[in-house]
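In order, the protein sequences belong to chains A and B.
1 is the number of the first residue of the first sequence in the numbering used here; add one for each residue after it.
306 is the number of the first residue of the second sequence in the numbering used here; add one for each residue after it.
Glycine is no exception: its CB is placed at the ideal position from the N, C-alpha and C atoms.
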Amino acid sequence: MSSEIVQENNQANSEHETYYVPDSSRLPILTAIGLGVTLFGASHWLVGSSVWGFTGPQIFLAGCLFFAAVLASWWNTVIKENMAGLPSDQLKRSYVWGMGWFIFSEVMFFFIFFFVLAYVRIYSLDWLAEDPLWEGFSAEWPLMQTPDQAVNGDGAKFKGPDAIIDPWHLPLLNTILLLASSFTVHIAHNAIKAGKRGLFNAWLGATIVLGIAFLFFQVEEYIEAYQDLGLTLESGIYGTTFFMLTGFHGAHVTMGTIMLLIQLLRSVFGNHFKKDDHFGFEAASWYWHFVDVVWVCLFIFVYIL
Amino acid sequence: MAHGPAKGIRRWLYTTNHKDIGSLYLWFSFAMFILGGAFAMIIRAELFQPGMQLVDPEFFNQMTTMHGLVMVFGAIMPAFVGLANWMIPMMIGAPDMALPRMNNLSFWLLPPAFLMLAATLFTEGGAPQAGWTFYAPLSTTYANPLTATIFIFAVHTMGASSIMGSINIIATILNMRAPGMSYMKMPLFVWTWLITAFLLVAVMPVLAGAVTMMLMDIHGGTSFFDAAGGGDPVLFQHVFWFFGHPEVYIIILPAFGVISQIIPTFSRKPLFGYSSMVYATASIALLSFIVWAHHMFTVGMPLAGELFFMYATMLIAVPTGVKVFNWIATMFKGSISFETPMLFSLAFLVLFTIGGFTGVMLSIAPADFQYHDSYFVVAHFHYVMVAGAVFSMSAAVYYWLPKWTGRMYSEPLAQVHFWTSFVGFNLTFFPQHFVGLAGMPRRYSDYALQFADYNMVSSCGAFLYGVSQILFLVIVILTVKGGKKTTKEKTWEGAEGLEWTVPSPAPYHTFSTPPTVK
C-alpha cells in the first residue's frame, strides 16, 4: 500500500481549502491551571483541611471562578473565529466529530452506573442473602432493609428508606416535560434550518422553560425523598443508586439547559446562527436529546422496575 | 498562521503545534518513566534479600502502587499519545491535529494530575497503597481520606486528558486524511491508534465512574462497595476491570502499530497481510470488552462466569497470533538489517510472544487458581508492558529521532542500550516466572528464604535495566545536541510512508497543503 503513495507538488492542490490552525494560545494552560486549583481545593474541602491559611472551599471557589472565566473566554474566541469565517468546512466537521465522540464518552459514563444497578439487582443482593454473615437478610427490590439493619437493627449505619418515590406522580410529569422538550428543540432546529429566527427563538425558549421546570420538580422530588420518605444518599444501595443516577442526570440537564440558554442569548442578541451554519446550537441540541434518552432509561430502570 | 515557533518558554506553554505537543508528551512521559523507575528500584532494593532492609512495609506498598500508577498512566500512555501527535498528522498528510488548542489542553492537564498524585507522598497518610488496581475496601474504608481524595481527583484529571486526546485523534484520522488516503491505505500505526482512541473514549469514563463511586463511598455515605448497605466490594473489581482490560490493549495496540512500521522497513518488504492486521486489531479491541473477569477468577464467581471469561480470553490468542505470524512472514525472505529500531522490534516480537503465552496459561481458570496474585502474574504483565510497550517505544524513538531532529543517533551506543536493556529485562523478569510458580506472592515486602537466589538475580537485572535507561537519556540528548546531521528525507532506505517524503528535520508545519495519495 505505501509504495503507491506519491506526493505531488503543492500547486496541485491549491484549490483545496486551508485548514485553520489557530495561533499559539494561553487558553489551554490556563484551563488546566483552573481545573487543577479547583480539584485541589475540592479535596481539601472534602477532608476539611487547609493550605497556607486558605480553607478548602476558598481554594475551590477561586479555582471554579477562574476555570469558568477561562472557558467563557475560550468559547468567545471560537465564536469570534467562526463569525470571522476562519474555519473551513473541514474544521466544522472536526467540531461535529468532536461533539459526537464526547457524547459517546458520556454514554459510557452513564452505562457504568446502570451496570452497577443491574449487577446489584441481578446478582449481588441474592448472594448477600445466602451469606451467613448477614443472617436474616432477604434480597428484595426496592431494598427497604439493608443487610446492616437485618443484623444490627436500629444500631445500623446504613438504614433502608421508609418509602420510595412513586413513579406515576412527579417522575411521570418530568418524563412528559423532558420528552416534550425534545420535540420543542427539534422544532427549533427545523425553524433555524428554514431561516425563521423568531420561531427558532420561541421554540428554543420553550425548551429552556421545560428544562428549568424539569429541574424544579426534580428538586421537589429530592426534598420529598429526604423529608418525608427517609430516602437519602445514605439509605443503602437503593438510595445510592437512586441518587447517583438521577443526580448525575440532573447535573447533565443543568449543563444542557445552560448550553441551550447560551445559544438562545447568541441568537437573540448576536444573530449568530445562519440557515446552514448553526453548529453551536446543533451540538447543544444533540446533548439535550442525549439527556432525554438517559432520562427514559432512568424512568424505566430506576423508577418503574 | 505564524510560520516558525515562538521564542522561549511561551512556545511550549501556549503551543498549538502537533510536533511541539508531541515533544512535550514524550519528555513528560520520559520524566514519569524515570520517576516510576525510581520507585521500582526501591522495590527491587528491598527485595534484594529476604527480611526487611530499607523501607517499612507501608512505604513498600506505596512504592508498588505508585510504580504501577505512574508507569501506566504517566509513562506508557502519554508516550504513545506523544508519538500519535508527532506521527499521525505526518502519516496521513494533515497540517496538524484536528483541534489544536484542545490538543494542548490534553497535555497540560497531565502535569497537575501527576503533581497531585506525587504530592500524596508528602502528606501525613502517604501515597496510595492499595495497589495500582486500588480495590475497595482497601482504597475506600481503609485508605487515608486525604490521600484517597487527591488520588481520585488526579485520576479524574488524567481521564479528562485521555478522553480529549482521543477525541482529537479520532477526529484527525476520520476528517484530516489527505485526498486519496483511504482507510485501507493508512499506515498501520494510524489504524492501531484509531482503534486505541476508540477504546479510550469508551473506557476512560468507566474509570471516572469507578473513582466517583469511591469518592461518594468515602465522603457521601453511599454504599456502592459496602456489603452492609447492600453493595458489594467485588463490584468494584468488575467496574475496575471493565475499564482495566481494555486499558491493557490501549497500552499494547499502539506498540503493535509501531512494530508494524519498523519490521517492514528493515526487512525491505511491505507488511505481510495488511488487511488481516487491521481486522486482527479491531477483533482484539472488541474482545477486550468481554474478558474483564479473567482478572478475578479466584474472587468467587458462578461457574458459568468462569467458563465464559476463560473461553473468551483464549479467543484473543487468535487475532494476536495472526499479528505475530504476519510480522514473521514480513521478515521471511526479506533482506534484513539489524539497526537498533529493528533490534528492539525483534526483541519485542520474541518477548511479547512469551508474555502472550503466559497470558494463555493464566486464562485457564483452574490453573489460574494457582498462579493468581503470584510473581508469575508479575512476570507475565511485565513481559507485555516492558518488553511490549516500552521496547516498542525505544524502537520508535530510534526509528523517528532522525526525522524529528535531523540528526542521527550513535548506533554503537544505541546497541549498548539495546543489549543492556534486553539482558537486564530478562534477568529481572524471567526468574519471576519460577518464584511465582513456586508460590511467591506479589506485593509483599518480604519473602521466604527459598526465593532468595532468584530475587537477587532479579534485583541485579533491574538495576542493570535501570542504568541502561539513563544511557538512553544520554543518547537522546547527545543526538539532539550534537548528533551527525542527516538531511535525507528517507533516513532508512526501506522506509515507506508520507513522513519520509518531508525533509529532515521535519519542518515546523508540514502538509499545510495536503499531498495527493494515489
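- prompt: Got a sec: does the ligand MN put a non-hydrogen atom nearer than 6 angstroms to the Cβ of residue 267 of chain A?
  reply: Here there are no bound small molecules, and the ligand MN is not part of this structure.
field: Local Cβ density within 10 Å of residue 5 of chain A, reported as buried at 16 or more and exposed below that
entry: Low confidence applies here, because residue 5 of chain A scores a pLDDT of 41, under 50, leaving its location unreliable and the question unanswered by this model.
message: Could you compute how far the alpha carbon of residue 242 of chain A sits from the alpha carbon of residue 114 of chain A?
response: 10 angstroms
- request: Taking only the alpha-carbon atoms, compute the straight-line gap between residue 39 of chain A and residue 374 of chain B and give it to the nearest angstrom.
  value: 19 angstroms
Pairwise C-alpha distance: residue 417 of chain B and residue 59 of chain A: 15 angstroms
- request: Would you mind sorting residue 190 of chain A into buried or exposed? The rule is 16 or more other CB atoms within 10 Å of its CB.
  value: exposed
Nonlocal neighbours in the same chain, by C-beta distance under 8 angstroms from residue 821 of chain B, ignoring five residues either side: 483, 484 and 485
- prompt: How long is the line joining the alpha carbons of residue 87 of chain A and residue 478 of chain B, rounded to whole angstroms?
  reply: 18 angstroms
- prompt: What residue from B:379, B:684, B:457 and B:367 has the CA that sits closest to residue 430 of chain B's CA?
  reply: B:367
task: Put residue 99 of chain A into one of helix, strand or coil per three-state DSSP.
output: helix
task: Note down, in chain order, all residues in the stretch 67-98 of chain A with a beta-carbon under 7 angstroms from any beta-carbon belonging to chain B.
output: 90, 93, 94, 97 and 98
message: Quick check: residue 536 of chain B and residue 122 of chain A, are their CB atoms within less than 7 angstroms of each other?
response: no
task: Express the C-alpha separation of residue 25 of chain A and residue 824 of chain B in angstroms, rounding to a whole number.
output: With chain B represented from 306 up to 823, any question about residue 824 of chain B goes unanswered, as that position is not in the structure.
query: Could you give the C-beta distance for residue 181 of chain A and residue 210 of chain A, rounded to a whole number, given that I count them as a contact under 8 angstroms?
result: 4 angstroms
query: Is the stretch 567-574 of chain B touching the stretch 629-636 of chain B in the sense that three or more CB pairs, one from each, lie closer than 8 angstroms?
result: yes
task: Report the neighbours of residue 26 of chain A on chain B: residues whose CB is nearer than 9 angstroms to its CB, in chain order.
output: 315, 318 and 319
- prompt: Does DSSP classify residue 551 of chain B as helix, strand or coil?
  reply: helix
field: Close-in-space but distant-in-sequence residues of the same chain around residue 682 of chain B (CB under 8 angstroms, 5 per side omitted)
entry: 667, 676, 741 and 747
field: Cβ of residue 105 of chain A within 7 angstroms of any chain B Cβ
entry: yes
Where the stretch 521-554 of chain B meets chain A: residues whose CB sits under 9 angstroms from a CB there: 521, 522, 523, 524, 525, 526, 527, 528, 529, 531, 532, 533, 534, 535, 536, 537, 539, 540, 543, 544, 547 and 548
message: Can you give me the C-alpha to C-alpha distance between residue 452 of chain B and residue 43 of chain A, rounded to a whole angstrom?
response: 9 angstroms
task: Helix, strand or coil for residue 506 of chain B, going by three-state DSSP, please let me know.
output: helix
- prompt: Using a beta-carbon distance below 7 angstroms, is residue 36 of chain A in contact with chain B?
  reply: yes
task: Go ahead and pull the three-state DSSP assignment for residue 54 of chain A.
output: strand
task: Measuring only between beta-carbons, confirm whether residue 146 of chain A sits less than 7 angstroms from chain B.
output: yes
query: Smallest Cα separation from residue 29 of chain A: which of B:328, B:320 and B:344?
result: B:320
message: Any beta carbon of chain B sitting closer than 7 angstroms to that of residue 2 of chain A?
response: With a pLDDT of 38 at residue 2 of chain A, under the threshold of 50, the modelled position of that residue is not reliable, and the figure given next carries that caveat. Taking Cβ atoms only, chain B reaches closer than 7 angstroms to residue 2 of chain A, which makes this a yes.
task: Measure the C-alpha to C-alpha separation of residue 725 of chain B and residue 580 of chain B and round it to an integer number of angstroms.
output: 36 angstroms
message: Considering just the uninterrupted stretch of the alpha helix (DSSP H) at residue 299 of chain A, what are its terminal residues?
response: No alpha helix (DSSP H) contains residue 299 of chain A, which DSSP labels as neither H nor E.
- prompt: By the criterion of Cβ-Cβ separation under 7 angstroms, what are the contact partners of residue 236 of chain A in chain B?
  reply: 528, 534 and 535
Residue environment, residue 528 of chain B, which counts as buried when at least 16 other CB atoms sit within 10 Å: buried
- prompt: Mapping DSSP to helix, strand and coil, what is residue 14 of chain A?
  reply: With a pLDDT of 43 at residue 14 of chain A, under the threshold of 50, the modelled position of that residue is not reliable, and the figure given next carries that caveat. If DSSP states are grouped into helix, strand and coil, residue 14 of chain A belongs with coil.
- prompt: What is the C-beta distance between residue 775 of chain B and residue 718 of chain B, in whole angstroms, given that I count them as a contact (C-beta under 8 angstroms)?
  reply: Wrong, their Cβ atoms sit about 12 angstroms apart, outside the cutoff.
- prompt: Quick one: what does DSSP say residue 628 of chain B is sitting in, helix, strand or coil?
  reply: helix
task: Could you check the C-alpha separation between residue 716 of chain B and residue 813 of chain B for me, to the nearest Å?
output: 26 angstroms
- prompt: Within the 7 angstroms Cβ cut-off, does residue 185 of chain A reach chain B?
  reply: no
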